[in-house]
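Notes follow once the structure below has been shown.
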Amino acid sequence: MWLQEHSPEVDWTKGEVTMSRCPMKASQTTSQQLAQAFAANTTPQEFWDVVPPYLHAFEDMFSKASFDPLPEHKRWDHTIELLPDSAPSSCKVYPLMPREQDELDASL
């Protein structure tokens with residue numbers, strides 16, 4: 388039985404469960420090891436190194452400063468007026484199998 392094998396320690400006053408008798412058997416996957424090795428041996432690249440030369444004229448479009456702000460207001464901007472005391476309608480965004488739909492409904 389799982390509880391007998393792992394025997395978790397429960398501290399009811401602190402509300403903590405400690406798994407001190409459960410040996411760690413999982414190690415990193417090969418992809419995790421490769422990603423860490425790659426990250427350790429690489430340096431951050433500059434814009435000019437990453438972006439192809441034909442796009443260098445658009446450097447300002449790739450900058451952090453131009454990324455964060457919202458676009459300026461235009462004459463065709465509009466608001467969507469919400470009706471007071473209205474509730475959003477319940478509609479299916481994409482079809483699910485009946486069992487999946489039941490699980491989704493239960494979690495929401």
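To convert, count from 1 in the sequence shown and add 387; that's the working numbering.
Where a beta carbon is used, it is the ideal one built from N, C-alpha and C, also for glycine.
Restricting to runs no shorter than 4 residues, where is the alpha helix (DSSP H) found entirely within the segment 428-476? 434-437, 446-449 and 451-454
If I follow the unbroken alpha helix (DSSP H) through S494, where does it start and stop? Here residue 494 is taken as the residue at index 107 of the sequence shown, counted from 1. Segment P485 to S494, the alpha helix (DSSP H) holding S494.
For T405, the residue or residues it bridges with in DSSP: Counting from 1 along the sequence shown, the entry for residue 405 is found at position 18. BP columns for T405 point to E396.
Mapping DSSP to helix, strand and coil, what is S414? Residue 414 sits at position 27 when you count from the first residue of the sequence shown. It is coil, neither helix nor strand.
My guess is that F384 and V438 are in contact by the Cβ rule of under 8 Å, so how many angstroms apart are they, rounded? Only positions 388 to 495 of the chain appear in the structure, and residue 384 is not among them; the question remains open.
Is the distance from the Cβ of M388 to the Cβ of P395 below 7 Å? Counting from 1 along the sequence shown, the entry for residue 388 is found at position 1. Counting from 1 along the sequence shown, the entry for residue 395 is found at position 8. Cβ atoms of M388 and P395: not closer than 7 Å.
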